[in-house]
Amino acid sequence: MTASPFTERLANRFARIALGHVRREYPNKPGHVLSDDADARTPATLHPVFYGSFDWHSCVHSYWLLARILRRHPSADVAHDIEALFNEQLTSEKVAGECAYFSDPAARGYERPYGWGWLLKLVTELGALEENPWRDALAPLADVIVARFVDFLPRATYPVRVGTHFNTAFGLRLAADYAAALPDKTFAALLSDTALRWYGEDRACPAWGEPSGDDFLSSALIEAECMRSLAPSAMFSGWFDAFLPELGASMPATLFLPATVSDRSDGKIAHLDGLNLSRAWCWLALAAALPDNDPRKTIMNEAAMRHIDAALPHLADDYMGEHWLASFAALALDGA
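Residues 18 to 353 in the numbering used here are what the sequence shown lists, from first letter to last.
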């Protein structure tokens with residue numbers, strides 16, 4: 018694979034999906050702590066910007082998807098609608114309401130680390146667009162999230178290796194893009210040091226626990242992608258060889274076989290479409306880091322295509338996948 022297949026046709030399709038739910042308030046699954054009666058509020062009252070898409074983090078990464086589309090395909094049919102949404106929602110006043118939510122002590126661990134990483138990924142994408150007010154409007158919330166990472170990472174003795182929102186490698190990987198884009202060398206160093214502390218000694222990953230019944234991340238591949246992004250380049254090659262030593266023989270076999278999704282109306286089972294897409298993203302990014310003559314590249318790229326083919330037709334089969342899967346499809350198609 019040498020060119021991105023994230024065509025304007027697909028961009029328009031993905032954008033229409035996202036625009037259909039980023040301001041859809043219900044159904045909604047808030048990860049909200051109630052401290053008293055006054056905390057029983059509607060999603061839009063709690064979150065002036067990111068109240069749609071079933072949950073906060075899905076809304077955030079749907080905005081990222083729209084920003085990515087606007088940058089990659091600025092002349093797309095949907096560009097005007099995306100700009101109108103951003104002008105209405107990404108304002109200093111509304112972002113102040115999001116910051117206020119995070120100031121509540123009960124929200125100390127809110128969306129950690131998945132939503133944190135996606136918020137920084139969104140701000141990174143907005144910063145890559147031509148001059149616009151949206152990145153500056155979101156900057157105070159990005160500062161809040163960076164402060165959360167800076168407070169949390171030194172205290173986190175162990176990583177979280179599950180294939181869901183709590184996976185720490187995924188959070189580090191998205192935050193790394195933000196640190197590199199600023200650039201913020203101090204934050205980047207914290208992320209790198211944490212990745213090395215958590216994962217630097219890992220060897221011969223068996224991946225025997227994949228896939229679990231509600232994974233949307235491969236704990237093995239996202240760890241490798243995290244290390245590719247944050248480990249010193251001189252170190253990564255040897256680490257990767259030791260981490261997946263039988264990759265050239267398509268082992269562990271489970272990483273090369275797309276997950277089967279039996280019920281896309283079940284929110285947990287529907288996660289497995291996301292697993293197929295996030296695996297594809299990781300396979301492509303990891304393959305791109307290998308020398309051109311490395312025979313593993315073909316194996317990894319072919320695995321990525323199998324995973325994309327398994328999931329791409331099902332992005333809008335049911336709202337349990339529709340409210341988030343297109344973002345992961347964009348990562349898979351454009352991530353390399």
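Yeah, the Cβ is synthetic: ideal placement off N, Cα and C, and Gly gets one too.
Separation of aspartate 326 and leucine 208 (C-alpha to C-alpha, rounded to the nearest whole angstrom) is 33 angstroms.
Taken in chain order, the complete alpha helix (DSSP H) segments of 4 residues or longer contained in the region 258-328 are 288-305 and 313-328. Assigned with DSSP and collapsed to three states, aspartate 231 falls in coil, not helix or strand.
Taking each of Thr141, Pro157 and Leu87 in turn and checking the Cα distance to threonine 108, the smallest one comes out for Pro157. By the neighbour-count definition (other C-beta atoms within 10 Å, threshold 16), valine 167 is an exposed residue.
Residue range 131-145 is occupied by the alpha helix (DSSP H) that includes valine 140. For alanine 101, the secondary structure class from DSSP, reduced to helix, strand or coil, is helix.
The beta carbon of cysteine 116 lies closer than 7 angstroms to those of Pro157, Leu158 and Val161 in the same chain, with the five residues before and after it left out.
Nearest C-alpha to alanine 328 among Leu63, Ser295, Val179 and Ile34: Ser295. When DSSP states are grouped into helix, strand and coil, cysteine 222 belongs to the coil group. With a contact defined as Cβ atoms closer than 8 angstroms, leucine 82 and serine 254 miss out at about 32 angstroms. Lysine 285 sits away from aspartate 201, with the two beta carbons spaced by 9 angstroms or more. Fewer than three pairs of CB atoms, one per stretch, sit closer than 8 angstroms, so the region 308-321 makes no contact with the region 330-338.
In this model, arginine 88 and aspartate 53 are separated by some 43 angstroms (Cα to Cα). Serine 236 has its alpha-carbon roughly 8 angstroms from the corresponding atom of alanine 224. Counting along the chain, valine 77 sits inside the alpha helix (DSSP H) bounded by residues 73-89. DSSP, reduced to helix, strand and coil, places phenylalanine 23 outside both helices and strands of the structure shown, so it counts as coil.
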